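Note sheet for the following structure.
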Amino acid sequence: MNPVIALDGADVFYGSTQALYGVSIAVRPGETVALVGRNGAGKSTALRALMGLLPCRRGRRLIDGMDGSLLGPEAVNRLGVAYVPEDRQVFSNLTVEENLRIASFVRRRCDAPQWRLDEIWELFPRLFERRSARGQTLSGGEQQMLALGRALLCNPRVILLDEPTEGLAPLVVGSLVTAMKKIADSGVATILVEQNFVVPGHVANRFLIVDNGVVKWGGDRVSFLAQREKLENLLSV
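Reminder that position 208 of the sequence shown reads as 208 in full-length UniProt numbering, one-by-one numbering, no gaps.
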């Protein structure tokens, strides 16, 4: 089975400054791949390259096994890729429900899992309670739930999640972990960026450690669990 989306030996730059060196990442339907590394390691850059926001100077971006290196973010989105950036980009003057209904108007794929508004309420009961509240009044955790719910209503095949739990209370993190497991069970793939293994350790099937723009280690869940202490030490070096 071809990956839904992948980077194959990607070199990525910001202007003349190289940020990624020969990075390869791939995710298959229903799989959760974690990109873990310290701040500035290149994790968010990898998501931006996957989404078409940054070009690959060398290497390729693959979608369904086909070369999509020249596609921009709108075209990548139409092919079933949703991106939830770290700043969430909630419409502050719209209510929770209005934010979600806008997303349902721009559904992209009919061959991806189909999400309905009532399923988002079920996934995030807190959003249902706050459905009439404007985006600017939401807590950080509520904004993250809203951003993820909005992405799901576009019927993606893969979601690119950039540090969704950063700065959130443990109870909210637990709700997001539960939601990510349900999303994977529905067949939607996820590439999850985090700075440590706390959340990925609960949800990821595969793990990549990124440092200074290079993938330093990669392995499946069994390999990760066998080497977790060593890998956590690698992050702290």
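All C-beta atoms in this analysis are idealised placements derived from N, C-alpha and C, irrespective of residue type, glycine included. Only a predicted model underlies this, so the values are computations on that prediction, with no experimental measurement involved.
- When rounded, the separation of the alpha-carbon atoms in residue 67 and residue 59 is 10 Å.
- When DSSP reads this structure, residue 105 sits in no beta bridge, so it has no partner.
- The closest CA to that of residue 144, considering only 154, 155, 158, 124, is found on 124.
- In this structure residue 99 is buried. Its beta-carbon is surrounded by 16 or more other beta-carbon atoms within 10 angstroms.
- Short of 8 Å from the beta carbon of residue 219, and not among the five residues preceding or following it, lie these beta carbons of its own chain, in chain order: 206, 207, 227.
- Approximately 6 Å separates the beta-carbon atoms of residue 45 and residue 12; this is inside 8 Å, confirming the contact.
- Straight through space, the alpha carbons of residue 140 and residue 34 are spaced by roughly 22 Å.
- Within the same chain, Cβ atoms closer than 7 Å to the Cβ of residue 2 are found at 64, 65, the five residues on either side in sequence being excluded.
- Fewer than three Cβ pairs drawn from the stretch 155 to 164 and the stretch 127 to 139 lie within less than 8 Å of each other, which leaves the two stretches out of contact.
- In terms of CA proximity to residue 6, 190 leads the group 223, 190, 236.
- Following the DSSP letters along the chain, one finds residue 18 in no alpha helix (DSSP H) but inside the beta strand (DSSP E) bounded by residues 17 to 27.
- Shown here, residue 118 sits in a helix according to DSSP, grouped into three states.
- Excluding sequence positions up to five before and after residue 41, its CB lies within less than 7 Å of the CB of 210, 211, 212, all in the same chain and listed in chain order.
- In this structure residue 47 is in contact with residue 83, their Cβ atoms being roughly 7 Å apart against a cut-off of 8 Å.
- Beta bridge pairing from DSSP links residue 13 with 18.
- The closest CA to that of residue 55, considering only 155, 204, 119, 9, is found on 9.
- A contact between stretches requires three or more CB pairs, one per stretch, nearer than 8 Å, and the stretch 175 to 195 fails this requirement with the stretch 14 to 23.
- Distance from residue 217 to residue 234 at the Cβ level is roughly 7 Å; contact confirmed, criterion being Cβ atoms closer than 8 Å.
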